[in-house]
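Numbering (this note's numbering), first residue to last: 137 to 383. Below: the structure, in structure tokens.
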């Protein structure tokens with residue numbers, strides 16, 4: 137299964153990490169505030185590949201992120217998983233030099249060392265996948281906050297929403313893609329977001345958002361949407377982002 141292979145790869149990467157120093161770091165930029173200050177809030181993603189193949193993105197990470205920001209993105213997600221998504225942690229400090237928006241590190245994080253790494257390289261928030269972390273989710277959420285990062289907990293079913301809500305995480309990302317079959321169900325965000333919002337948390341629709349009309353449809357239930365492949369595949373990422381923001 138693809139997810140299992142990525143998790144194993146992530147564990148190996150974590151084992152190879154050097155310890156990061158406790159040097160003074162600049163304060164993180166708030167992803168939560170960036171989302172709440174925009175309507176609609178669209179998180180653009182620096183993404184070069186997915187389990188389905190290459191996205192078609194040709195710009196290097198810095199100019200790619202700058203184009204998304206110029207197009208009106210509220211924040212930037214950066215995929216750093218190397219084996220399937222062709223990302224790299226080194227993308228984050230590069231992106232940070234190009235944009236002043238909050239940066240979400242999107243990866244399969246399975247070790248506290250990767251959380252410390254995320255802070256050290258310039259991320260403002262980290263994705264924590266409920267199905268991967270299982271009973272360790274609460275500890276990872278707390279540790280992210282301890283490191284000064286905002287955790288974004290990714291969920292895909294009611295049980296995972298309940299697990300996320302049992303943590304102090306403020307932002308819950310609803311993945312419309314099944315991580316085992318890779319099938320897209322755009323109704324998943326509509327189904328799960330009310331449970332998130334009724335608990336006073338921020339719901340973000342993720343995956344499978346290919347048309348600006350979908351952003352408008354999600355507005356009533358989600359505070360933000362995250363868009364990756366649809367913009368990465370565009371010849372002009374800035375113009376593509378503008379279409380999603382100005383739908």
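Note that beta-carbon positions come from the ideal geometry of N, C-alpha and C, so glycine has one too.
For residue i, three-class secondary structure by DSSP
i: residue 109; result: Because the chain spans 137 through 383 in this model, residue 109 falls outside it and cannot be assessed.
i: residue 348; result: helix
i: residue 235; result: coil
i: residue 373; result: helix
i: residue 270; result: helix
i: residue 147; result: helix
i: residue 244; result: coil
i: residue 194; result: coil
i: residue 297; result: helix
i: residue 161; result: coil
i: residue 177; result: strand
i: residue 280; result: helix
i: residue 361; result: strand
Element boundaries [alpha helix (DSSP H), containing residue i]
i: residue 324; result: 323 to 334
i: residue 206; result: 197 to 206
i: residue 172; result: 167 to 172
i: residue 367; result: 365 to 368
Selection from the options that minimises the alpha carbon distance to residue i
i: residue 326; options: 358, 190, 349 and 252; result: 358
i: residue 139; options: 212, 221 and 190; result: 221
i: residue 279; options: 251, 290, 328 and 265; result: 251
i: residue 142; options: 228, 162 and 218; result: 218
i: residue 199; options: 228, 305, 311 and 176; result: 228
i: residue 302; options: 317, 311, 323 and 331; result: 331
i: residue 147; options: 304, 351, 248 and 284; result: 248
i: residue 234; options: 350, 195 and 324; result: 195
i: residue 144; options: 271, 244 and 355; result: 244
i: residue 348; options: 382, 256, 369 and 328; result: 382
Distance between beta carbons of residue j and residue i, contact taken as under 8 Å
i: residue 174; j: residue 214; result: With 8 Å as the limit, residue 174 and residue 214 do not qualify as a contact, their Cβ atoms being about 19 Å apart.
i: residue 171; j: residue 210; result: 6 Å
i: residue 289; j: residue 273; result: 7 Å
i: residue 208; j: residue 375; result: With a Cβ gap of about 11 Å, residue 208 and residue 375 do not count as contacting.
i: residue 254; j: residue 204; result: With a Cβ gap of about 20 Å, residue 254 and residue 204 do not count as contacting.
i: residue 310; j: residue 341; result: 6 Å
i: residue 345; j: residue 366; result: 6 Å
Buried/exposed call for residue i, threshold 16 Cβ in 10 Å
i: residue 377; result: buried
i: residue 197; result: buried
i: residue 350; result: buried
i: residue 373; result: buried
i: residue 295; result: exposed
i: residue 263; result: buried
Limits of the unbroken beta strand (DSSP E) element including residue i
i: residue 212; result: 211 to 215
i: residue 290; result: 286 to 291
i: residue 251; result: Where residue 251 is concerned, there is no enclosing beta strand (DSSP E), although the alpha helix (DSSP H) it sits in stretches over 248 to 257.
i: residue 264; result: 261 to 265
i: residue 309; result: 307 to 311
i: residue 339; result: 338 to 342
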